[in-house]
Amino acid sequence: MNMTGQGRVAAIDVLRGVSLFGIFQMNVQLFAFPLAGYMRPPLVTPLHGLDLAAWLFTHVICEFKFITVFSMLFGAGIVLAKPDNRTFWSRQGWLLFFGLLHAYFVWFGDILVIYAIGGAFMWKARFWPSAKQARYGVALFCAPLVLVPALELSVALLPAEMQKMMLEGFSPTPVMLAREVAINRGPWLQQLLFRFGQTSEGELFACLLHVWRAAGGMAIGASLTTSGVLLGQRPELETKLVKWGLGIGTPLMLTSAALLLAFDFPPSSGMSLGLVSYVASLPMGLGFLGLGLKAVRCWSGPVLRALAAAGRMSLTHYLSQSLIASVIFYGFGFGLHGQLARWQLIPLAAAIWAVQVASSPMLERVFVRGPFERAWRALVRLTSTPRHA
């Protein structure tokens, strides 16, 4: 498959399409289980047999990896689009608007708000040389390595009662878990009121951890684009990305899994243990990026074309995944929240993603680009065009 085509970089589109798979594998868990089922899986499903294998797959292969890849591709898109300042801020502002609507009215785990805030760090950096973008990206990405231990230290200095209250969120009682399940199986208005609290807390946590990952990934993706790697101009580096990225990241992720299982996902030190996975997500993301670039260079055919089409409407597919999962798991739909085993979520998410990919070429012929992409583009044009008296 050609690395570029029709004014776009085909490899970036394909990688976006693939990233939707890994992102949804993680997101579907937050639809299917109470929040604690994501943070501390044994609280909602015993980890043995197929469920243990499912957790290992999603933790080692998917968790944080594909969202890191997608952040890099978002940064690449900013560099390639070359927006002027007015257009840049209009794009980020409308993305924030979509994200807030999605977070409060559909699902609290939204990432669009994170991308809108993280993208703001690219305002000046999009014009920098590659090496400076890379250093900037690594610095942003590493910020939680200071912030998280500082937060844990500050919590340790609090009075015992306040520590207990803060840790309750990581160690909900069976009654609290049952209440969350009942709310998610209940009517939409009940979920909406509950979601407002979840979302507000989630956005604060996002600013501590996820915004830095997104912003750092964007700057690194911008660097890879400025240097020509994501444009297919540096094939010699693709093998190095795979070799060093997966060679460093995979042992770190296996270590992360072993530590979490050995310490039974402890609430008090869970954030620090989570930093192992956080650090590993960058080299593994780069390794997956290299694999994708090599695949696009070597292969062609309808599957890659469908993945590229899916990547071009990734916003539409991301929001559609939330809507589909809401209908499957929440009370206004089939109400399967808390009903499925962990291993069953993997083929379910894969099937939904596969249907999205297969239908993307047809949707692209009908809409030219995804419906939400068209709306975003139209709103940006409306608000970024200077008005003259």
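With the UniProt record's numbering applied, the sequence shown corresponds to residues 1 to 389, in that order.
Here a beta-carbon is modelled for each residue, glycine too, at the ideal position from N, C-alpha and C.
These figures come from a predicted structure and were not determined experimentally.
- When DSSP states are grouped into helix, strand and coil, Met218 belongs to the helix group.
- In this structure Leu246 is not in contact with Val60, their Cβ atoms being roughly 11 Å apart against a cut-off of 8 Å.
- Rounded to whole angstroms, the separation of the alpha carbons of Ala32 and Leu340 is 7 Å.
- Judged by DSSP in its simplified three-state form, Asp51 adopts helix.
- Residue range Trp188 to Leu208 is occupied by the alpha helix (DSSP H) that includes Cys207.
- The DSSP-derived three-state label of Asp13 is helix.
- Here Cys298 is exposed, its C-beta having fewer than 16 other C-beta atoms within 10 Å.
- Rounded to the nearest whole angstrom, the C-alpha separation of Leu20 and Trp353 is 7 Å.
- Contact check for Gly119 and Gln92: beta-carbon distance about 5 Å, within the 8 Å limit, so the pair qualifies.
- Ranking Phe367, Ala351, Ser300 and Asp264 by CA distance to the CA of Thr45 puts Asp264 first.
- When Phe105, Ser256 and Leu208 are compared, the shortest CA-CA separation from Val276 is found for Ser256.
- Within the same chain, Cβ atoms closer than 7 Å to the Cβ of Leu112 are found at Leu95, Phe98, Gly99 and His102, the five residues on either side in sequence being excluded.
- When Met284, Gln233, Leu323 and Arg305 are compared, the shortest CA-CA separation from Gly22 is found for Met284.
- In the structure shown, Val368 adopts coil according to DSSP, grouped into three states.
- No Cβ-Cβ contact shorter than 8 Å links Arg305 with Arg369.
- Under the DSSP assignment, Cys142 falls in the alpha helix (DSSP H) whose first and last residues are Ser130 to Cys142.
- For Thr68, the closest alpha carbon among the candidates Leu286, Pro235, Gly228 and Ala206 is that of Leu286.
- Going by DSSP, Val229 is part of no alpha helix (DSSP H) at all; its letter is neither H nor E.
- Between the C-alpha atoms of Gly335 and Asn184 there is a straight-line separation of about 8 Å.
- Between Gly216 and Phe141, the C-beta gap is smaller than 8 Å, which places the two residues in contact.
- A Cβ-Cβ distance of about 6 Å is found for the pair Met39 and Phe170, placing them in contact under the 8 Å criterion.
- Taking a 10 Å sphere around the C-beta of Ser314, we find 16 or more other C-beta atoms and assign the residue as buried.
- Here Ile12 is not near Leu291, since their CB atoms are 8 Å or more apart.
- Per DSSP, reduced to three states, the secondary structure at Leu224 is helical.
- Residue environment: Phe88 is assigned as buried (16 or more neighbouring CB atoms within 10 Å of its CB, all protein chains considered).
- Exclusion of the five residues before and after Gln198 leaves Phe108 as the residues of its chain whose Cβ lies within less than 6 Å of its Cβ.
- A Cβ-Cβ distance of about 23 Å is found for the pair Arg342 and Asp110, leaving them out of contact under the 8 Å criterion.
- A direct Cα-Cα distance of roughly 22 Å separates Ala308 from Thr239.
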